[in-house]
Ligand code: PXG
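Numbering (our numbering), first residue to last: 4 to 468.
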């Protein structure tokens, strides 16, 4: 058997990867032709690839490495737990101390009366739990018709059949028969792309009121819950207008619809508070968590549930669970991650140092000829590329063409910045320091310059009519 190590030549690793590894959300033939990027190690906010490039990771992996790479304490917590109790389940009336301690810690950290945790290994699994949880809740209350879950177009809630249905990604629904029944989608509060002649505040209210219209169309007795990310992440870091969330909260309260805040990206400090719900002043009945819960060092997620919902669920046998619900090693690593977040005051660092510094730096990109708007909350930011700022025009070229050129230019400048269509997005590790932010912005600006020149050279700086 070949031993595959980081010391092998990149081309060999690429060939082996192409031969056997099916990548998520990837056209695998095109990737095999181009050659995959191989990441070999990481420290702090920097990645190293197999050609020795050091890349500033402005995406914290996939929005998850909140405490940064290379924290030995988490490796040690995993090793200790593996030796003591590498696995046991939480079914059949058993538990173990990592699951107890993590649930207790999350109850302490989560706002309001969100005091009960159902564990999963990912955000997708946790949202699948939520689908069954809210329907079981209404069933137990004698209202089985309350089944429909309202979500939003261009939301991302995961990639399993259930969570992919909750999500509002049209290109995902086009494959494999999604969405499942009794999930519907309303419009997103994306003023830049869809706000037309309305002010952001008018548009935020209009989009929130689509929830009320949908509840009335379906009938209040048929609606179980509304799910949303406090700030849409994978959809392009879409920061809603200020008018949006208060109106959504009012509507959920008025119709007694359960509110699920998907905190998979926003949670654990990303927005400058422990949870995005605190930053946006939302009072959810259930929060979905994953990613930053363990800073990505172990796969773990879950649903944090209110006293009121948990009390009802406790009266039935909820026929749901995963082999790895509350996995002891993942839970021990998550606990260590939360200890570091707390003891090193990393959320405070975001709120008081990194986010204010980043906001000024990020918004300075607004003067670039390609940049239509810059948006940022805490340490999640986006900018819209446009051929014409004043009219908020889209490009005539296929959506994502400019974004992809910009992303490739970022890589060429040793910066990992993602694109979603023609929006560029960042979500760096929360431990990022001002000097790294300066580097990030300098590299982003250089990439924007390259992208601008390339679009011009290819005749692509044209607005869609
Ligand atoms: N909810 C939200 C808000 C997410 O962002 C999930 C649920 C699903 O989590 P898991 O752990 O099952 O992946 C996510 C995941 C992207 C991208 O391209 C974003 C995610 C996952 C993969 C890619 O930005 N977010």
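Note that beta-carbon positions come from the ideal geometry of N, C-alpha and C, so glycine has one too.
Cβ-Cβ distance between residue i and residue j below 7 Å
i	j	result
residue 150	residue 227	yes
residue 361	residue 440	yes
residue 238	residue 213	no
residue 140	residue 312	yes
residue 244	residue 264	no
residue 271	residue 295	yes
residue 80	residue 346	no
residue 61	residue 408	no
residue 93	residue 329	yes
residue 195	residue 206	no
residue 387	residue 403	no
residue 65	residue 58	no
residue 157	residue 179	no
residue 208	residue 250	yes
residue 331	residue 101	yes
residue 325	residue 123	yes
residue 359	residue 466	no
Classification of residue i by the beta-carbon crowding that lies within 10 angstroms, buried from 16 upward
i	result
residue 319	exposed
residue 355	exposed
residue 24	exposed
residue 427	buried
residue 369	exposed
residue 199	exposed
residue 437	exposed
residue 155	buried
residue 291	buried
residue 128	buried
residue 282	buried
residue 425	buried
residue 69	buried
residue 95	exposed
residue 477	Since the first and last residues shown for the chain are 4 and 468, residue 477 lies out of range.
residue 30	exposed
residue 385	buried
residue 204	exposed
residue 235	buried
residue 397	buried
First through last residue of the alpha helix (DSSP H) which encompasses residue i
i	result
residue 57	That residue, residue 57, is in no alpha helix (DSSP H); its beta strand (DSSP E) goes 57-60.
residue 448	437-460
residue 408	404-415
residue 212	203-221
Delimiting residues of the beta strand (DSSP E) encompassing residue i
i	result
residue 429	426-429
residue 227	226-231
residue 421	421-423
Top-ranked residue by Cα proximity to residue i, from the options
i	options	result
residue 316	137, 167, 385, 90	137
residue 225	245, 232, 200, 259	259
residue 353	301, 435, 394	435
residue 201	395, 39, 385, 67	395
residue 184	199, 160, 241, 134	134
residue 131	289, 358, 309	289
residue 105	222, 74, 412, 342	342
residue 9	94, 55, 321, 28	55
residue 287	274, 248, 268, 86	248
residue 246	339, 414, 192	192
residue 420	399, 102, 449	449
residue 37	422, 273, 411	411
residue 110	310, 293, 376	310
residue 42	462, 447, 102, 417	417
residue 17	5, 31, 39	39
residue 143	119, 231, 322, 166	322
residue 45	85, 452, 300, 187	300
residue 456	446, 467, 414, 405	405
residue 276	235, 308, 344	344
residue 152	112, 188, 326, 167	188
residue 242	453, 175, 379, 336	379
residue 350	433, 336, 422	433
residue 458	177, 399, 431	399
residue 285	22, 115, 348	115
Near ligand 2: residue i beta-carbon under 6 Å from a heavy atom
i	result
residue 268	Although ligand 2 was asked about, the structure shown includes only ligand 1 as ligands.
Problem set entry | Any alpha helix (DSSP H) of 4 or more consecutive residues that is wholly inside the segment 252-312 | 279-282
Problem set entry | Length at least 3, wholly inside the segment 152-197: the beta strand (DSSP E) runs in chain order | 186-189
Exercise. Which runs of the alpha helix (DSSP H), 4 residues or longer, sit entirely within the segment 336-396?
Worked result: 349-352, 358-366
For this session: Ignoring anything shorter than 4 residues or poking outside the segment 10-72, list the alpha helix (DSSP H) runs there in chain order.
Result: 13-23, 31-37, 63-66
For this session: Return the chain-ordered ranges of every alpha helix (DSSP H) run that is complete within the segment 78-131 and spans a minimum of 4 residues.
Result: 100-112
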